[in-house]
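Presented below is the structure to which this report refers.
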Amino acid sequence: MSGAESFVPAPMYLTDAAAQRLGALVEEEGNPGLKLRVYVTGGGCSGFQYGFDFADTVGDEDTIIENGSASMVVDALSYQYLVGSTVDFEEGLAGARFIIKNPNATSTCGCGASFAV
């Protein structure tokens, strides 16, 4: 052994609540091949912002995270900012939405849609 340590980042997680909601949305769309695409773009009040979309195609460098029959897709550029994150679904006074709990974020905005690293 060379003594060099390798770092393996923690994967991303899709909670059971998010997987259930995603499954219901996919069923409503009538396309069992749909996946939740999670991505990061520049902007927002904290520097970066999260985005959600549906995808029925997966790129060569995309990472797929599964929970049961529900799948989430993340592109390689976004994944570096989201490693170790958990995608959840919550319903409350602010409405129903997918949220990201990101351990890499050093600050977030009040609505939780943007962050800084």
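For the sequence shown, our numbering assigns the number 34 to the initial residue and increments by one for each residue that follows.
Ideal Cβ placement from N, Cα and C applies to all residues, glycine included.
- Contact between Val106 and Asp93 is absent: CB atoms are separated by about 12 Å, not below the 8 Å threshold.
- In the DSSP assignment, Arg54 is bridged to no other residue.
- Non-local C-beta neighbours of Asp89 in its own chain, meaning closer than 8 Å and more than five positions away in sequence, comprise Asn64, Gly66, Leu67 and Lys68, ordered along the chain.
- Per DSSP, Ser118 has no beta-bridge partner at all.
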